[in-house]
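Residue numbers (the numbering used here): 980 to 1146.
We treat Cβ as the ideally placed atom computed from N, Cα and C, and that holds for glycine.
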């Protein structure tokens, strides 16, 4: 099994999969009579149909045992999905490019610095949320509407990957 190399999360490296939501290096302008910096349009919520809605939720995630065998990835074909850490903790991101099925050899892993969120574009394959802390909270912005918006792909045993952040 191939062990994933965990890369620092940067806008450039993550661009094929979505947006990095962060203030560092992002354009901004002043609002509220000069008392507030607005970092505008850091990500765009994508939906497939005009009747879809963008919704805001909180996910409370529990850590998984590491090293983790990556056996499956999921995708949301009808909308984007953003994760913004609420407690300032780094978290892991495992992604593969858009396609009919994820290609094991193209899977990449990233680590957020705890001040960065991410927005998976429609159809990007990704692992469900991976917290490093025992329990962590995330603000999630995604799509609500009719139709199946979650496809899962399970890798054959010889395609599975290892995620080992503590090595």
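May I ask which residues mark the beginning and end of the alpha helix (DSSP H) holding residue i?
{"i": "residue 992", "result": "990 to 993"}
Excluding the 5 residues preceding and the 5 following residue i in the sequence, name in chain order all residues of the same chain whose CB lies nearer than 7 Å to its CB.
{"i": "residue 1143", "result": "982, 1045, 1046"}
{"i": "residue 1107", "result": "1053"}
{"i": "residue 1133", "result": "1050, 1051"}
Locate the beta strand (DSSP E) running through residue i, then write down its first and last residues.
{"i": "residue 1054", "result": "1051 to 1054"}
{"i": "residue 1019", "result": "No beta strand (DSSP E) holds residue 1019; DSSP gives it neither H nor E."}
{"i": "residue 998", "result": "997 to 1000"}
{"i": "residue 986", "result": "985 to 987"}
{"i": "residue 1060", "result": "1060 to 1064"}
{"i": "residue 980", "result": "No beta strand (DSSP E) contains residue 980, which DSSP labels as neither H nor E."}
Cα separation between residue i and residue j?
{"i": "residue 1084", "j": "residue 1137", "result": "11 Å"}
{"i": "residue 1127", "j": "residue 1030", "result": "15 Å"}
{"i": "residue 1080", "j": "residue 1099", "result": "16 Å"}
{"i": "residue 1125", "j": "residue 1145", "result": "40 Å"}
{"i": "residue 985", "j": "residue 1072", "result": "9 Å"}
{"i": "residue 1025", "j": "residue 1121", "result": "8 Å"}
{"i": "residue 1013", "j": "residue 1019", "result": "15 Å"}
{"i": "residue 1059", "j": "residue 1129", "result": "11 Å"}
{"i": "residue 1057", "j": "residue 1011", "result": "35 Å"}
{"i": "residue 1006", "j": "residue 987", "result": "21 Å"}
{"i": "residue 1028", "j": "residue 1101", "result": "12 Å"}
{"i": "residue 1113", "j": "residue 1039", "result": "11 Å"}
{"i": "residue 989", "j": "residue 1002", "result": "12 Å"}
{"i": "residue 1119", "j": "residue 1037", "result": "6 Å"}
Report all residues from its chain with a CB closer than 8 Å to the CB of residue i; omit the five preceding and five following residues, and keep chain order.
{"i": "residue 1069", "result": "1090, 1091, 1092, 1093, 1111"}
{"i": "residue 1141", "result": "980, 981, 982, 983, 1046, 1047, 1048, 1049"}
{"i": "residue 1000", "result": "1021, 1022, 1061, 1063, 1095, 1096, 1097, 1098"}
{"i": "residue 1076", "result": "995, 996, 1082, 1085, 1103, 1104"}
{"i": "residue 1015", "result": "1009"}
Which residues share a DSSP beta bridge with residue i?
{"i": "residue 1128", "result": "DSSP lists no partner for residue 1128."}
{"i": "residue 1036", "result": "1119"}
{"i": "residue 1041", "result": "1114"}
{"i": "residue 1071", "result": "1090, 1109"}
So, for residue i: in the same chain, excluding its five sequence neighbours on each side, which residues have a beta-carbon less than 6 Å away from its beta-carbon?
{"i": "residue 1123", "result": "1032, 1034"}
Does any heavy atom of the ligand FMN sit closer than 7 Å to the C-beta of residue i?
{"i": "residue 1084", "result": "The ligand FMN is not part of the structure shown, which contains no ligands of any sort."}
Ranges of the beta strand (DSSP E) found wholly within the region 1091 to 1121, counting only runs of at least 3 = 1096 to 1099
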